[in-house]
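K.L.:
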Amino acid sequence: MKKKIFLLIHSVPELRRGHLKDLGSLRVDVTFALLLLISGFVLSGCAGHSQASKAAPNQKPPQADELHLASGSYASFDHSNFSFRKWLPLDGSNPSIVVVGLHGISGASQDFQNLGKHFQESMEGVAVYAPELRGQGNDPITSRRGDIQSQEYWLDDLRIFTRLVRQQHPQADIIWCGESMGALIALHGLASFQDEQFGCKALILSSPIVGIDQHIPSWKKHLLRLTSRLFPRIKVSLEALAGKDEVLMTKDSIHQEQASNNPYHIPAFTLRLLNTLGVMIESSPQCAKKINQPVLILHGGHDIFSQPDAVEAFSGQFLKPDRVKRNFYPESYHLLFYGHERDRVLSDISQWIESLRLP
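The C-terminal position of the sequence shown is numbered 358 in numbering that gives the first Met the number 0, with every residue numbered one higher than the one before it.
1) If distances are taken between C-alpha atoms only, which option among Lys-234, Ser-92, Val-98, Ser-108 comes closest to Phe-83?
2) Using CA coordinates, which residue listed in Arg-143, Ser-305, Lys-324, Met-248 is at the minimum distance from Leu-272?
3) Inspect the beta-carbon positions of Val-164 and Val-209 and report whether they are closer than 8 Å.
4) Just list the residues that DSSP pairs His-187 with in beta bridges.
5) Around the Cβ of Ser-121, are there at least 16 other Cβ atoms within 10 angstroms (buried) or fewer (exposed)?
6) Do you know offhand how far Gln-316's Cα is from Lys-288's?
7) With burial defined as no fewer than 16 other Cβ atoms inside 10 Å of the residue's Cβ, what is the status of Leu-42: buried or exposed?
8) Can you list, in chain order, the residues of its chain whose CB lies under 7 Å from that of Gly-124, leaving out five sequence neighbours each side?
9) Are Ile-159 and Val-99 close, meaning C-beta to C-beta below 8 Å?
10) So the beta strand (DSSP E) Tyr-73 belongs to, where does it begin and stop?
11) The beta strand (DSSP E) spanning Leu-295 covers which residue range?
12) My understanding is that Leu-276 touches Leu-183, with C-beta atoms under 8 Å, so please give their C-beta distance in whole angstroms.
13) For Ile-174, name the three-state secondary structure that DSSP assigns.
14) For Pro-320, which option in Val-294, Gly-136, Ile-140, Ser-331 has the closest C-alpha, if you only look at C-alpha atoms?
15) Over the uninterrupted beta strand (DSSP E) stretch that includes Ala-360, give me the two end residues.
16) Among the candidates Lys-324, Asn-274, Pro-262, whose CA atom is the shortest distance from the CA of Val-235?
17) When the Cα atoms are used, what is the spatial distance from Pro-207 to Ala-185?
18) Span of the beta strand (DSSP E) holding Val-323?
19) Pick out whichever of Gln-119, Asn-260, Gln-167 has its Cα sitting closest to the Cα of Gly-136.
20) If we count the other Cβ atoms within 10 Å of its Cβ and call it buried at 16 or more, is Asp-146 buried or exposed?
21) Comparing C-alpha positions only, which one of Ile-203, His-187, Leu-154 sits nearest to Cys-176?
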């Protein structure tokens, strides 16, 4: 049976050598959108989403003396060490607000440099801490890059990191700020940790992915679903998915050119990771219904991964819609912190934080 399946898979050019080789009728205009399609195919084949939502295995937690922020790294629940970057107030004062930044897919902590410097120059008492995410390009264990066993690993990393930031700045209020994939992690984390003592006081979602396109032949859905269950670690190449299409991430930045210049770029991701993201996207509305903290949603009119009307509809799913502010930038693209309207975006974030009147 497996031999027949193997031959079937390899009879389809898109799946040869573990990545999409010849887009043909499967070709679309964007890279990540198609990755999310693949995630969507897997969803209905996983009963109760059991594979992607499976909890991280029990491991002996780090000792008390290990639970601290070193000069630039921290130990997570499984003793994995991840580096992080921070931008503290330039006057040396203790911050009253700490923004924890979670980067997007194939991104890195340095993606929050513009936000961190903006606060240093324009808003007193605000710090930014941004960790490297598990399974991404700066994961110290190279075999994990491009893969994740379960969303719980991301959520547990976030819980541990936030707790350590809280220990470092016990008087500060915590705000989570996620970009793209990081927005998914922040959203699910806040929905899961409502009763945690370290508490997140507010949430910023920059360019959130809020829906999965379903325009795909049913036979390819079944094939990809089957492939992901049998071969969860098959990797899909982002460049192969994009083909020759130029994917604009900012007004002046093409995805392929930008990615090739990043030392932390990951060229391919496992079907298991893509399935995990698909599950998280599909369940985002349910997560929103559990969140009563203030939420700021930022999205651009030319964002290739989410349609403006879908983001608007998503913003109405939160438990307290009156505490949700949605800022729409019609001429902007996916990477708002680095786009041509970044000064406006960063200023809007500062004004929103000030409007919260956190103690």
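The C-beta atom is built at its ideal place from N, Cα and C for all residues, glycine as well. Model, not experiment: these values are computed from the prediction.
P.N.:
A quick look at the data gives this:
1) Ranked by Cα distance from Phe-83, the options Lys-234, Ser-92, Val-98, Ser-108 are led by Ser-108.
2) Among Arg-143, Ser-305, Lys-324, Met-248, the Cα nearest to that of Leu-272 belongs to Arg-143.
3) When the beta-carbon positions are compared, Val-164 and Val-209 stay at least 8 Å from each other.
4) Beta-bridge pairing links His-187 to no other residue.
5) Counting every other CB atom within 10 Å of its CB across the protein chains shown gives Ser-121 a total below 16, marking it as exposed.
6) Near 6 Å, if we compare the C-alpha coordinates of Lys-288 and Gln-316.
7) Caution is warranted here: a pLDDT of 38 is assigned to Leu-42, below 50, making its placement in the model unreliable, and the coordinate value is therefore given only provisionally. Buried.
8) Cβ-Cβ distances below 7 Å link Gly-124 to Pro-88, Ser-92, Pro-94, Ser-95, Ile-96 in the same chain, with the five nearest sequence neighbours on each side left out; the list follows chain order.
9) Between Ile-159 and Val-99, the CB-CB gap reaches or exceeds 8 Å.
10) It spans 72–74 - the beta strand (DSSP E) in which Tyr-73 sits, taken as one unbroken run.
11) Segment 294–299, the beta strand (DSSP E) holding Leu-295.
12) The beta-carbon distance between Leu-276 and Leu-183, rounded to whole angstroms, is 7 Å. This is short enough to meet the 8 Å contact definition.
13) In this structure, Ile-174 counts as strand in the three-state DSSP scheme.
14) It is Val-294.
15) Nothing about residue 360 can be read from this structure; the chain reaches only from 0 to 358.
16) Of the candidates Lys-324, Asn-274, Pro-262, the one whose C-alpha sits nearest the C-alpha of Val-235 is Asn-274.
17) Approximately 10 Å between the Cα atoms of the pair.
18) From DSSP, the beta strand (DSSP E) with Val-323 extends over 323–328.
19) Nearest C-alpha to Gly-136: Asn-260.
20) Asp-146 counts as buried, since no fewer than 16 other beta carbons sit within 10 angstroms of its beta carbon.
21) Of Ile-203, His-187, Leu-154, the residue nearest in Cα terms is Ile-203.
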